[in-house]
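Student: Below are the structure tokens for one structure; questions will follow.
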Amino acid sequence: MHLLVEIHPALNISTLINNLKTASARRARTRFASTSNLFIGNRFFLHRAYYVGSVGGAILEAVRRYGESHGTKEKPRKAQRPA
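Reading the sequence shown from the start, the letters are residues 1 to 83 in full-length UniProt numbering.
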């Protein structure tokens, strides 16, 4: 996933990332409640790692093209455990 955000320099980036991950994980668990039992017992829904880069003075259109050029790659799913 790529996000392009503009934040105030005083804002702590790690706090922003933590808030985004927490909110998106809660929303996914709520939205997909029927499959959330796959995650019961797992403390973490998302990996703790993240990457942050600065685009500095790059033209917004160039940044958009960069993100689109990466496309979407789906990883093969693991076999589900028998119920």
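Cβ coordinates follow ideal geometry from the N, Cα and C atoms, glycine included.
1) Roughly how many angstroms separate the alpha carbons of glycine 57 and leucine 11, rounded to a whole number?
2) Using a Cβ-Cβ cutoff of less than 7 Å, which residues in the same chain neighbour valine 52 once the five nearest sequence positions on both sides are dropped?
3) Just the Cα atoms here: how many angstroms apart are leucine 4 and arginine 29?
4) What are the start and end residues of each continuous alpha helix (DSSP H) run of 4 or more residues lying completely inside the stretch 7–70, in chain order?
5) Closest to isoleucine 7 by C-alpha separation, out of Arg27, Tyr50, Thr35, Ser54, would be which residue?
Tutor: A quick look at the data gives this:
1) 19 Å
2) Ile13
3) 24 Å
4) 13–31, 60–69
5) Ser54
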